[in-house]
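Taking the working numbering, the leading residue of the first sequence gets 9, the next gets one more, and so forth. All C-beta atoms, glycine included, are put in the ideal place defined by N, C-alpha and C. Before any comments, here is the structure.
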Amino acid sequence: MAAESYEPRAIERRWQQLWADERTWEVSNEDDGRPKSYVLEMLPYPSGEPHIGHLKVYSVGDAIAHFKRRTGHRVLHPLGYDAFGLPAENHAIKTGQHPRESTEASIAEFRRQFNDWGVSIDWSRELGTHEPSYYRWTQWLFLRLFEHGLAYRKDAAVNWDPVEETVLANEQVIDGRGERSGALVEKRQLEQWFFKITDYADRLLDDLDTIDWPQNVVTMQRNWIGRSEGAQVVFHCDALDTDYPVFTTRPDTLFGATFFVMAPEHPDVLKLDDSPEVADYVRRALTESAEERGAEDREKTGVALGTTVTNPVNGEQIPMYVADYVLMEYGTGAIMAVPAHDERDFEFATKHGIEIRRVIEAPDGEDGELPYSGDGPMVDSGRFAGLHNREAFAQIVEWLGSEGKGELAVNYRLRDWLLSRQRYWGCPIPIVHCEQCGMVPVPDDQLPVVLPDIEDYKPKGRSPLAAAEDWVNVDCPKCGAPAKRETDTMDTFVDSSWYFMRYCDARNDQAPWDRDVLASWMPVDQYIGGVEHAILHLMYARFFTKAFADVGLLDVQEPFARLFTQGMVTRDGAKMSKSKGNVVSPRELVDEFGADAARSYILYVGHPAEGGDWNDKGIEGIHRFLSRLWRAAADAAANTEASDSPTGEPTAVLRKAHWAIDKVTTDLGERFATHTAIAAVIELVNELTKHRDELLATPEGASQYRFAAATAGSLIFPFAPHLGSEVYELLTGRRVWEEPWPEADPALLETDTVTIVIQLNGKVVDRFDVAAEISDAELEQLARDSAKVGERLDGREIVKAIVVPGRLVNLVAK
RNA sequence: GCCCGGGUAGCCGAAUUGGUCCAGGCAGCGCGCUUAAAACGCGUGACCCCACGGGGUGUGCGGGUUCGAAUCCCGUCCCGGGCACCA
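Encoded structure:
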């Protein structure tokens with residue numbers, strides 16, 4: 009009997025060294041006839057050292073990558089770092105350390121730990137988004153979008169984070185506060201760079217149907233795009249002789265429009281009425297934060313503008329108001345108000361004593377409470393009265409069209425992506441501003457525009473780059489006159505919106521990628537990451553993919569065919585956080601229990617898509633299991649006569665091994681239920697431990713024991729690759745990752761007999777064992793004989809027997 | 001307020017998607033090995049009755065459909081997440 013104990017560190021070091029020496033996980037871009045599979049985890053942001061979330065995402069991804077390799081796929085599984093960004097820069101402001109230094113120190117630590125975890129990465133494709141060899145192509149791609157009008161500069165009211173001292177994208181503002189700083193965001197009128205993501209709203213929406221993503225992520229993207237269909241309707245204002253278009257989803261309620269409201273930001277408000285009362289209201293509304301203004305239970309305030317517009321359907325003059333519940337950013341910044349059928353308008357009208365006119369009845373004819381936003385027949389609506397409002401919708405829009413007063417229209421909640429940042433540690437925007445030529449792109453052969461070193465990283469309301477005068481002052485690439493570089497940098501989300509394409513052809517120095525190479529790998533077959541990226545990153549990456557397809561750089565429409573969002577690991581039911589002091593450090597775990605135990609346990613704590621509650625004792629259980637497997641393998645190996653192909657009559661252990669193969673294959677391959685997959689291997693190992701002595705007593709038993717132990721190693725390999733490799737090699741002399749995934753023998757999956765339970769309306773009346781191979785027809789006959797269909801039982805006549813395949817029989821009585 | 005998820009042993013969690021519950025792990029209890037401890041192994045493990053064969057009740061709560069419900073339907077209560085003045 010082997011006396012050695014399981015020493016994960018030694019085993020893990022040995023295999024990691026071998027994988028590094030042999031470059032086992034590198035994959036060539038040559039097609040070798042196997043189907044490709046691109047498995048990718050969301051790229052990590054290197055800050056400090058990896059946390060438990062990183063351990064989880066790579067445990068998940070690596071299990072998939074290994075499973076794919078062993079089921080005959082050519083697997084691309086690369087890794088890189090999202091290296092630009094504010095935390096490194098804020099650290100630099102505090103300490104004076106160059107962000108590059110702190111970032112690269114962190115990258116080194118990440119790389120070291122990923123290796124300690126034994127993740128099967130193709131390191132030949134490693135990249136960092138802060139490297140000039142990478143951001144050269146970020147800039148190059150930016151210029152392609154610029155050429156096609158998809159990157160543009162405009163003056164707009166933007167979100168200004170007063171703590172970070174930079175503008176933020178809409179997506180980075182949560183409840184009126186900066187996503188990182190938590191500071192109340194201010195509106196500032198600034199000239200900024202945008203990507204025209206709104207051009208892609210419909211495609212981003214429609215193509216959600218073509219990808220296999222979690223339902224909740226799809227829903228979040230749908231809501232974020234926020235497509236609504238309705239009509240644009242023109243209201244004429246005699247006072248300024250101006251037409252004011254409004255967007256409405258309910259043109260069928262036009263006859264109920266009894267007033268008209270403009271947003272405080274609307275440029276015409278003060279032209280219509282410059283009274284002190286109006287001016288005061290506008291001033292107050294504009295200085296309020298988005299948060300205050302958006303508060304849910306806030307009263308509807310507003311001021312009359314002292315003039316009217318004409319309702320196009322009936323020629324009525326209706327009063328105009330300015331009110332802050334109307335948003336300048338959505339629609340046209342003005343609305344028609346229908347208090348009878350809109351809650352907000354109702355509230356405002358009630359407060360200001362405005363007429364509330366019902367134009368749609370509840371369908372049952374009874375007048376319900378107002379406001380009523382449902383469907384029903386139209387009343388008090390001129391020639392449309394009596395129609396159902398759904399029919400009237402189309403007819404009213406058609407009539408408006410014929411009068412030149414309106415048309416069908418679609419509106420989106422989605423805004424263009426604001427990409428410029430007034431910060432240092434980011435990718436420079438490759439544009440030169442020339443007095444003569446305007447905005448001039450830096451020629452491709454002068455890329456990259458290298459980020460210069462500076463002394464002072466502190467933002468002062470403009471980019472710190474502006475202080476680097478040697479760098480800023482250049483000759484215009486077009487006319488040669490003195491000009492200035494753009495000093496804003498790009499949002500880091502730009503860097504991470506195309507990195508998955510770069511991996512395909514990571515060392516190409518002629519182009520961001522070769523189109524054919526890209527076509528051979530894209531799309532990513534399985535993408536894995538946190539649900540917190542449901543909108544930002546995942547929307548931007550989809551947009552980039554579509555935009556590059558349009559520009560002619562690639563041939564796919566969607567970057568990520570399947571998405572897996574992992575749940576958060578908690579500890580004792582609470583989120584892990586430094587302030588709570590309940591953080592589990594991957595490094596300490598790996599030191600104590602080994603990477604295999606840490607990785608297996610994290611996949612065992614629950615279904616990886618849901619959370620999973622960390623329990624310090626729990627990982628010891630997994631460690632015990634791995635130790636048992638190790639000892640079983642050592643025992644089998646010590647029995648040198650035993651062959652690894654099983655001989656003799658199948659015993660329970662052999663059946664269990666095949667059962668485990670079947671279970672792990674389904675649970676890992678199809679359902680991605682890692683918990684039950686690992687539990688199946690645990691059961692197999694428990695079976696081995698339990699029957700060790702009796703099995704090892706005979707040559708047949710020993711062969712089955714050896715086979716079962718090798719199978720356990722093979723099956724645990726995707727979760728615990730080091731021990732899996734060790735066990736398999738020990739027992740078979742072969743490398744497990746070069747072996748095809750095992751197949752279960754169907755004949756061994758079944759047990760000899762099954763117990764048939766005869767029930768009468770849920771009550772057990774009889775039970776007996778039959779051979780497992782019994783056919784359904786025979787089973788039913790047995791049931792009839794046993795329970796005497798047609799006779800009476802418990803005073804009731806049995807009318808039929810329902811046979812559930814292989815399991816039980818139910819009798820129906822009346 | 002609206003839209004998704006989810007409530008199963010003391011805890012984490014399974015349940016082949018409608019097939020007769022609770023696999024696996026943790027904690028607990030008992031036993032073996034041991035001078036002892038640790039480690040390891042074996043057994044036990046929802047609740048209530050019991051003549052020791054078994055019987056009854058059990059998946060947040062109340063109904064319903066079905067031969068059969070953790071699973072489907074209706075109502076209700078909690079917990080988590082997303083959205084929220086978007087006209």
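Review point. Which first and last residues belong to the beta strand (DSSP E) in which Arg196 is found?
Key: Glu194 to Phe203
Review point. Which term fits Met447, buried or exposed, when burial requires 16 or more other beta carbons within 10 angstroms of its beta carbon?
Key: exposed
Check your understanding: How big is the Cα-Cα spacing for Glu15 and Glu540?
Key -> 37 Å
Check your understanding: Using the beta-carbon count (16 or more within 10 Å), is Asp353 buried or exposed?
Key -> buried
Practice item. Could you name the residues of the same chain whose beta carbon sits closer than 8 Å to that of Glu657, not counting the 5 residues immediately before and after it, in chain order? Key: Glu708
**Study point:** Euclidean distance between Cα positions of Thr358 and Pro379
**Key:** Approximately 11 Å, taken between the alpha carbons.
Check your understanding: Considering only residues of the same chain and omitting the five flanking positions on each side of Leu451, which have a CB-CB separation below 6 Å?
Key -> Correcting the residue type first, residue 451 is Pro in the shown sequence and not Leu. Once the five neighbours on either side are set aside, the close Cβ partners of Pro451 are Pro485.
Exercise for review: Drop a sphere of 10 angstroms on the beta-carbon of Thr659, count the other beta-carbons inside from all chains shown, and report buried for 16 or more, exposed for fewer.
Suggested key: buried
Check your understanding: If you scan the region 78-120 from start to end, which runs of the beta strand (DSSP E) of 3 or more residues do you find wholly inside it?
Key -> 82-84
Practice item. Please work out which residues of its chain come closer than 7 Å, Cβ to Cβ, to Pro750, disregarding the five sequence neighbours upstream and downstream, and give them in chain order. Key: Ile669, Thr719 and Ser722
Check your understanding: What separation, rounded to the nearest whole angstrom, lies between the Cα atoms of Val458 and Pro436?
Key -> 7 Å
Check your understanding: Can you tell me the Cα-Cα spacing of Ile610 and Lys64, whole angstroms?
Key -> 6 Å
Practice item. Could you have a look at Trp407 and say whether DSSP puts it in helix, strand or coil? Key: helix
**Study point:** Reduced DSSP category for Glu351 - H, G, I as helix; E, B as strand; rest coil
**Key:** helix
Review point. Got a sec? Which residues, its chain only, sit under 8 Å from Ala688 by beta carbon, not counting five neighbours each side?
Key: Trp667, Ala668, Lys671, Val672, Asp675 and Leu723
Exercise for review: Mind reading off the beta-carbon distance from Trp213 to Val226? Whole number of angstroms is fine, and I expect it under 8 Å.
Suggested key: Rather than Trp, the amino acid found at residue 213 in this sequence is Leu. In fact, because the Cβ distance is near 10 Å, the residues do not count as touching under 8 Å.
Practice item. Could you spell out the range, first to last residue, of the beta strand (DSSP E) harbouring Leu571? Key: Leu571 to Gln574
Point to revise | Cβ-based neighbour list, Glu351, same chain, cut-off 6 Å, excluding 5 preceding and 5 following | key: Pro379
Review point. Name the DSSP beta bridge partners of Asn167, please?
Key: Leu176 and Lys195
**Study point:** Cβ-Cβ separation, Val311 to Leu330 (assumed contact under 8 Å), whole Å
**Key:** Before going further, note that residue 330 is Val rather than Leu in the sequence given. That pair is a contact at about 6 Å.
**Study point:** Length-filtered (4 minimum) alpha helix (DSSP H) runs lying within the region 649-709
**Key:** 660-677, 682-698 and 700-704
Point to revise | Straight-line Cα distance separating Val254 from Thr340 | key: 6 Å
Exercise for review: Would you list the residues sitting across from Gln325 in a DSSP beta bridge?
Suggested key: In the DSSP assignment, Gln325 is bridged to Thr318.
Check your understanding: If Val592 and Ile60 are in contact, beta carbons under 8 Å, what's the gap, nearest whole angstrom?
Key -> 5 Å
Review point. Are the CB atoms of Leu544 and Glu179 nearer to each other than 8 Å?
Key: yes
Point to revise | Val591 (DSSP reduced to helix, strand or coil) | key: coil
Check your understanding: Taking 7 Å as the cut-off, does the CB of Asp350 come closer than this to any heavy atom belonging to the ligand ATP?
Key -> As presented, the structure is devoid of all ligands, the ligand ATP included, so that no description of it is given.
Practice item. Grab me the residues of His615's own chain with a C-beta within less than 7 Å of its C-beta, minus the 5 sequence neighbours each way, in chain order. Key: The answer, listed in chain order, is Ala681 and His683.
Review point. Taking Glu823 as the reference, which of Asn481, Phe727 and Gly56 has the closest Cα?
Key: No answer is possible for residue 823: the residues shown for the chain start at 9 and end at 822.
Review point. When DSSP labels each residue in this structure, what does Asp220 get in the three-state scheme?
Key: strand
Review point. Assuming Glu618 contacts Gly677 under a Cβ cut-off of 8 Å, what Cβ separation, rounded to an integer in Å, is found between them?
Key: At roughly 19 Å, the Cβ-Cβ gap does not stay under 8 Å, so Glu618 and Gly677 are not in contact.
Check your understanding: Can you tell which of Ser635, Phe92, Val440 and Ile536 has the C-alpha that lies nearest to the C-alpha of Pro490?
Key -> Val440
Check your understanding: Which whole-angstrom value describes the C-beta separation of Ala557 and Gln565, a residue pair presumed to lie in contact below a C-beta threshold of 8 Å?
Key -> 6 Å
Review point. By how many angstroms is the C-alpha of Leu151 removed from the C-alpha of Pro449?
Key: 7 Å
Review point. Got a sec? Which residues, its chain only, sit under 7 Å from His631 by beta carbon, not counting five neighbours each side?
Key: Phe601 and Ala605
Practice item. Report yes if the C-beta distance between Thr497 and Gly434 is below 8 Å; otherwise report no. Key: yes
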